[in-house]
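Visitor: Quick one: the structure is below, and I'll ask about it shortly.
Protein chains: 2
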Amino acid sequence: MNGEASRYPLVQLCLADLHDSLSAPVSESMNFLNEVAQRFPDAISLAAGRPYEGYFDLDYIHRYLDAYRAHLMARLDGDEAAVRRMIMQYGRTKGIIHDLVAKHLAVDEGITVDPESIVITVGCQEALYLTLRVLRASDRDVLLAVTPSYVGIHGAAQLVDLPLLPVKESPEGIDLDDLVAVVAGAKADGLRPRALYVVPDFANPTGARLSRESREQLLRIAAEEDFLILEDNPYGLFGDPAGPPTIKSLDVSARVVYLGSFAKTGIPGARVGYAIADQVVTGGSGGSQTLADQLAKIKSMVTVNTSPIAQAVVAGKLLENDYSLRAANAREIDTYQGNLRQVLDGLEKRFGGGSCPGVSWNTPAGGFFVLVTVPFLADDELLERSARDHHVLWTPIHHFYADSEPRNVMRLSFSHLRPEEIEVGLDRLEGFIRETVGS
Amino acid sequence: MNGEASRYPLVQLCLADLHDSLSAPVSESMNFLNEVAQRFPDAISLAAGRPYEGYFDLDYIHRYLDAYRAHLMARLDGDEAAVRRMIMQYGRTKGIIHDLVAKHLAVDEGITVDPESIVITVGCQEALYLTLRVLRASDRDVLLAVTPSYVGIHGAAQLVDLPLLPVKESPEGIDLDDLVAVVAGAKADGLRPRALYVVPDFANPTGARLSRESREQLLRIAAEEDFLILEDNPYGLFGDPAGPPTIKSLDVSARVVYLGSFAKTGIPGARVGYAIADQVVTGGSGGSQTLADQLAKIKSMVTVNTSPIAQAVVAGKLLENDYSLRAANAREIDTYQGNLRQVLDGLEKRFGGGSCPGVSWNTPAGGFFVLVTVPFLADDELLERSARDHHVLWTPIHHFYADSEPRNVMRLSFSHLRPEEIEVGLDRLEGFIRETVGS
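Protein chains in written order, with the numbering used here: chain A, 21 to 459; chain B, 21 to 459.
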């Protein structure tokens, strides 16, 4: 039969015949950045935003699983078959650890929420995707996003054919005047801004943190202009606990969909995140529903449910730490804050006092990223030269813009590095920058 | 501040303003079926297609994790940090157990494939979603599906706004003449059939199995008409090993995208599946690419990567069983085959020999499902009466059709039941059917 079947020509597909998100700059960006990192494995990466690995311990996985198993045994009155079913069988679309996540939110984030309005997702990215899929109903719909912004929001928006309107950043995080202007312009064009995507705490890539006043202003503008706020908060716990509250904790009118991640504060390899979507949805058949219920309907057609084994691992970590991931991450918080100080001090030492005109940087109070402004266009070609000749990687800022126009800014990340790697990395970066400026 | 914020009215969204997949019959179907099951918890469910739980053991999760850890330690020359990174950190978008899955496919399915053309996904559903998202490029694109068909294909197609053209089933699984006619009609209408979705082994809901000859014919028609075959195979291992080969194993021209699930043969709670997508894709920048690479680009914007912890659990099961899930599932195969015989014998005993005119059933050789034809429209209202008055659940067949028109067929599933539950369930079903026929 193989002989006969082989008469047929080999299938060849053409990229132009596939969904256009595959040809979009953001897709090419990810490919290019991964490919550069692979081609220069000996380069120190000031590009990867991965969590620190120094405290990883595989035994924790077993311990967390056992902790959740014991918790379930108590909750299910010792019904072992029910416990096994919960962890090993297909499960509830909205997840099984929503009650524990609600307790964590109360303890760490000042957010009080009905566990039923939480959907546990495959990482925060799925929460983002589901939210955009639900909200994108017609060609008139658009998404607002503070830009430069996380690559994943560009990508998810493209998957649901939802245009993204950039809103200007400011040193304060977001230019609220521009937000109002963009919304007015969109409405004048017959468009419907559905939501604003914002990372209020130590945004990727800018590291900016919104003040409490800006958060309150955002809630006011969103209410007046009737769009939702998508608050994405993967880094908030790595800052000063006396910092501004989450927007969701200030939100008493269900204006905010809160997107949470356990990748940085839990275990990246669990791939567990969540959305809080407590908005009432009318018009359906059979009883009152929330936006969370709609996200779950979509989820059942994308991933069915989030692995309960992975959820159990995260749940165990919550249980072992009295629901506080701030407490659980005491060592990590020290590490990230220490790395941040070392990068800022290191930049000052190498480029401070006007020793290298045109080089400056911002000074985030937390998070994983610092932006460095340089007196040249920090584009992909220069990144490649930096990797090849100076063995150091960084991220050109244009990858965080929809227009993909090269700019004179590079993003440095430091979350996964040891102090000695940071020092060598900055040395190499200095060599690269000075050579580029001089050439 | 809460006082001030509360001046804003509570957000209310309307279903009509959200993506229309949320209002589609398939979405309402899932809701309705779940809701009936919840309202009548004491009913015996001949509706749920869940795997059998009798052999679940939580200790296996620990054992499988350790087995994969040991495997990685050997492969990574004892580099413990690298092993920890592999299981606990963000990971490769296409997955980390693709090499083991390739070995399993060679052992159990006669499929030889480059591991690089495998994408590990969050269950088979994500593989389905990614494939449809990639293939849907324009308004002209349509999907072919043997109908009645798995609810998840209807749902995934709606998420990417891809119309589904039904192709008639036959006792042989698929009506090939109708397939050719539907393709011709679609092309005449200016549409572009991108792929045919088919479950060749013990399809949900029909239980039908395609002959080898039909599989070869399918490959021929797909090549002549230039569409892909999406072969979804969650139940194949639960049949006679001397049965027909997978379509993918007959495919030497990369015509088939194979969609695999470990939910039934591995551990449902791991939520791990995969796609084999070895089609060459031209037109991209930088080197040759496959359809698997395109699926990965989309995946990076949906779930980023499949939990490596969950992948490790499945990998451990593969390693412990020399890559054979047929061997690993010897007990489950006996159980499913035994349950199937019991249901078929039980139907014969209760309805055989013309004792209940108009009642007949098909006789699948494997899988999880049997179809029963009855002399009345088996609709949602009757299901509700069956649940309330007779304490037995089944699935009205119209939930597997895009048109959602009630028909005189019910799907029975038996995969998760113990023999005594099957007996009582069939007694109750007989009571319900005889009462309905008599009334």
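Glycine residues also receive a C-beta, built at the ideal position from the N, C-alpha and C atoms.
CB residue 200 of chain A to CB residue 166 of chain A, shorter than 9 Å?
Guide: No, the Cβ-Cβ distance between residue 200 of chain A and residue 166 of chain A is not below 9 Å.
Visitor: Would you mind telling me which residues of chain B sit closer than 8 Å to residue 107 of chain A, beta carbon to beta carbon, in chain order?
Guide: 78, 81, 289
Visitor: Report the CB separation of residue 67 of chain A from residue 456 of chain A in whole angstroms; it is logged as a contact under 8 Å.
Guide: About 17 Å; that fails the 8 Å criterion.
Visitor: Taking the continuous beta strand (DSSP E) assigned at residue 244 of chain B, which residues delimit it?
Guide: Not the beta strand (DSSP E): residue 244 of chain B falls in the alpha helix (DSSP H), residues 232-245.
Visitor: Go through the stretch 307-331 of chain B residue by residue and report every complete run of the beta strand (DSSP E) that reaches 3 residues or more, in order.
Guide: The beta strand (DSSP E) runs of length 3 or more contained entirely in the stretch 307-331 of chain B do not exist; there are none.
Visitor: Can you tell me which of A:348, A:399, A:410 puts its alpha carbon nearest to the alpha carbon of residue 428 of chain A?
Guide: A:399
Visitor: How far does the beta strand (DSSP E) with residue 389 of chain A in it reach, from first residue to last?
Guide: 389-393
Visitor: Measuring CB to CB, does residue 192 of chain A end up less than 9 Å from residue 137 of chain A?
Guide: no
Visitor: Spatial neighbours of residue 249 of chain B within its chain, please: CB distance less than 8 Å, with the 5 preceding and 5 following residues excluded, ordered by chain position.
Guide: 215, 216, 218, 238, 239, 242, 267, 271, 275, 276, 277
Visitor: With a floor of 3 residues, list each beta strand (DSSP E) that falls wholly inside the stretch 204-233 of chain A, ordered by position along the chain.
Guide: 212-218
Visitor: Does the stretch 283-301 of chain A come into contact with the stretch 127-143 of chain A, if we say contact requires no fewer than three beta-carbon pairs (one atom in each stretch) closer than 8 Å?
Guide: Contact holds: three or more Cβ-Cβ distances are below 8 Å.
Visitor: Taking 6 Å as the limit between beta carbons, can you name the residues of its chain near residue 367 of chain A, skipping five residues before and five after?
Guide: 381
Visitor: DSSP three-state label for residue 429 of chain A, please.
Guide: Here DSSP, grouped into helix, strand and coil, assigns residue 429 of chain A to strand.
Visitor: Measure the alpha-carbon distance for residue 451 of chain A versus residue 36 of chain B and round it to whole angstroms.
Guide: The C-alpha of residue 451 of chain A lies about 58 Å from the C-alpha of residue 36 of chain B.
Visitor: With 8 Å as the limit, tell me which residues of the stretch 138-153 of chain B have their beta carbon closer than that to any beta carbon of chain A; keep them in chain order.
Guide: 142, 143, 145, 146, 149, 153
Visitor: So which of A:356, A:376, A:371 has the shortest CA-CA distance to residue 438 of chain A?
Guide: A:356
Visitor: Using a Cβ cut-off of 8 Å, which residues of the stretch 247-266 of chain B contact any Cβ in chain A, in chain order?
Guide: 248
Visitor: Could you compute how far the alpha carbon of residue 188 of chain B sits from the alpha carbon of residue 29 of chain A?
Guide: The straight-line gap from Cα to Cα measures roughly 28 Å.
Visitor: Determine the direct distance from the alpha carbon of residue 259 of chain A to that of residue 235 of chain A, and round the result to whole angstroms.
Guide: 17 Å
Visitor: How should residue 458 of chain B be labelled, buried or exposed, when 16 other C-beta atoms within 10 angstroms of its C-beta is the threshold for buried?
Guide: exposed
Visitor: Hey, how far is the Cα of residue 33 of chain B from the Cα of residue 300 of chain A?
Guide: 6 Å
Visitor: Measure from the C-beta of residue 304 of chain B to each C-beta in chain A and report whether the shortest distance is under 9 Å.
Guide: yes
Visitor: So, with DSSP's three-state summary, where would you put residue 188 of chain B?
Guide: strand
Visitor: Residues of chain B with CB closer than 7 Å to the CB of residue 32 of chain A, please, in chain order.
Guide: 300, 302
Visitor: Note down, in chain order, each residue of its chain lying with its Cβ closer than 7 Å to the Cβ of residue 440 of chain A, except the 5 sequence neighbours on either side.
Guide: Within the same chain, residue 440 of chain A has no close Cβ partners at all.
Visitor: Would you give the residue range spanned by the beta strand (DSSP E) that residue 296 of chain A belongs to?
Guide: 293-296
Visitor: Does any CB atom of chain B fall closer than 9 Å to the CB of residue 62 of chain A?
Guide: no
Visitor: Less than 8 Å separating the Cβ of residue 411 of chain B from some heavy atom of the ligand COA?
Guide: In the structure shown, the ligand COA is absent, as is every other ligand, since no ligand is present at all.
Visitor: Restricting to runs no shorter than 4 residues, where is the alpha helix (DSSP H) found entirely within the stretch 40-95 of chain B?
Guide: 45-59, 78-95
Visitor: Smallest Cα separation from residue 352 of chain B: which of B:182, B:387, B:246, B:326?
Guide: The shortest C-alpha to C-alpha distance from residue 352 of chain B to any of B:182, B:387, B:246, B:326 is the one to B:387.
Visitor: Of the residues A:379, A:302, A:374, A:168, which one's Cα is nearest the Cα of residue 423 of chain A?
Guide: Taking residue 423 of chain A as reference, the option from A:379, A:302, A:374, A:168 with the minimal CA-CA separation is A:168.
Visitor: Taking all protein chains shown into account, decide if residue 460 of chain A is buried (16 or more other Cβ within 10 angstroms of its Cβ) or exposed.
Guide: Shown here, chain A extends from 21 to 459; a query on residue 460 of chain A therefore has no answer.
Visitor: Could you spell out where the alpha helix (DSSP H) holding residue 383 of chain B opens and where it closes?
Guide: Here residue 383 of chain B belongs to no alpha helix (DSSP H), and DSSP marks it neither H nor E.
Visitor: Using a Cβ-Cβ cut-off of 9 Å, state whether residue 41 of chain B counts as contacting chain A.
Guide: Judged by the 9 Å Cβ criterion, residue 41 of chain B is in contact with chain A.
Visitor: Is it buried or exposed for residue 105 of chain B, if we count other Cβ within 10 angstroms and need 16 for buried?
Guide: buried
Visitor: By how many angstroms is the C-alpha of residue 96 of chain B removed from the C-alpha of residue 102 of chain B?
Guide: 7 Å
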